[in-house]
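Numbering (the working numbering), first residue to last: 924 to 1000.
No residue lacks a Cβ here, since even glycine has one placed at the ideal position from N, Cα and C.
Remember, predicted model here, so these are calculated numbers, not experimental data.
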């Protein structure tokens, strides 16, 4: 299982989701993607997309004020 980090802080929607989709395409089933965001909208959009797409939302943390880390495990297509 590989772990990859994607930092999309400062990106404007829909770019955080677009970059997350591209990053997920490069992962194998069971790999983990940690997405760092600084936008509440990106937090909501990426978290909702991950669940709707069937991936496992491992967790969401707030390591510092106004910054979140979304951890997603890639599921089989």
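- In the same chain as residue 998, and ignoring 5 residues on each side of it, the C-beta atoms closer than 7 Å to its own belong to 952, 977, 978, 979, in chain order.
- For residue 987, the enclosing beta strand (DSSP E) begins and ends at 979-987.
- Taking the Cβ atoms as the reference, residue 932 lies roughly 7 Å from residue 990, within the contact range of under 8 Å.
- In this structure, the alpha-carbon of residue 985 lies about 6 Å from that of residue 992.
- Excluding residues up to 5 positions away in sequence, 980 lie with their Cβ nearer than 8 Å to the Cβ of residue 974 in the same chain.
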